[in-house]
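Note that numbering that gives the first Met the number 0 numbers the sequence shown so that position 17 is 16, with each residue one more than the last.
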Amino acid sequence: MGFWAALEEIFHSARQQHCWMHKTGNILNYLPKRTQPKARKMLHDIWQAETREEAHLGFDLFIATFEAKYPKAVERLIKDRGELLTFYDFPALHGQSIRARNPTESASAIIRYRTKLAKGRLSRQGLLHMMFKLGQSAEKSWRKLRDFAHLADVIQGVDFVNRIKHSTRDLAAA
0 MGFWAALEEI FHSARQQHCW MHKTGNILNY LPKRTQPKAR KMLHDIWQAE TREEAHLGFD
60 LFIATFEAKY PKAVERLIKD RGELLTFYDF PALHGQSIRA RNPTESASAI IRYRTKLAKG
120 RLSRQGLLHM MFKLGQSAEK SWRKLRDFAH LADVIQGVDF VNRIKHSTRD LAAA
């Protein structure tokens, strides 16, 4: 069972956000080199859009531009459309942390490297202890989550629309 399957099984309401950096690379692999700069710009325009609606317009433009000649590239984008825009449902300053997996991957790189070096010479308990200590050491250089004040809202399930806190009371009064 993979990470996302386990997460979904244990935390049913957890939302997935696919990594834009990896998705961009995967899509560009299906395009010829000469079209990649234009496609990269269009993909960046999608995830840099101010609102989810603008992002959907960017999706539609990318699809209209490339679908006829490069259907496999477009298929890669279409299949994860919802998971690529999850970050619009969270505070704006959390977006950078949510959109890309790179910070978590680089943080766990030292753990992966040291685990490979051990080559099975450690007991399970020893390996867990080493991973824990390496994680403790690595966390000293981790950046704090931006806009920490909104974390309580996220935990309580407050709605965010286009990365802005959404209050149903304000809408009812209007």
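Glycine included, C-beta positions come from ideal geometry on N, C-alpha and C.
Where residue i sits in the DSSP three-state scheme
i, result
"residue 164", "strand"
"residue 29", "coil"
"residue 128", "helix"
"residue 115", "helix"
"residue 86", "helix"
"residue 123", "helix"
Residue i: CB within 6 angstroms of a non-hydrogen atom of the ligand FAD
i, result
"residue 112", "The model on display carries no ligand, and the ligand FAD is accordingly not part of it."
C-alpha gap between residue i and residue j, whole angstroms
i, j, result
"residue 29", "residue 66", "12 angstroms"
"residue 131", "residue 68", "49 angstroms"
"residue 41", "residue 165", "28 angstroms"
"residue 57", "residue 44", "7 angstroms"
"residue 26", "residue 12", "28 angstroms"
"residue 51", "residue 17", "15 angstroms"
"residue 71", "residue 138", "39 angstroms"
"residue 59", "residue 83", "14 angstroms"
"residue 48", "residue 31", "25 angstroms"
"residue 37", "residue 111", "35 angstroms"
"residue 129", "residue 34", "46 angstroms"
"residue 75", "residue 63", "14 angstroms"
"residue 169", "residue 7", "For residue 169, the predicted structure reports a pLDDT of 46, less than 50, and the residue's modelled location is therefore unreliable. The matter cannot be settled from this model."
"residue 20", "residue 85", "15 angstroms"
"residue 134", "residue 125", "14 angstroms"
"residue 120", "residue 10", "34 angstroms"
Terminal residues of the alpha helix (DSSP H) in which residue i lies
i, result
"residue 14", "Counting along the chain, residue 14 falls outside any alpha helix (DSSP H), and DSSP gives it neither H nor E."
Run through the stretch 17–76 for me and flag every whole alpha helix (DSSP H) of 4 or more residues, listed as ranges in chain order. 19–27, 35–46 and 51–65
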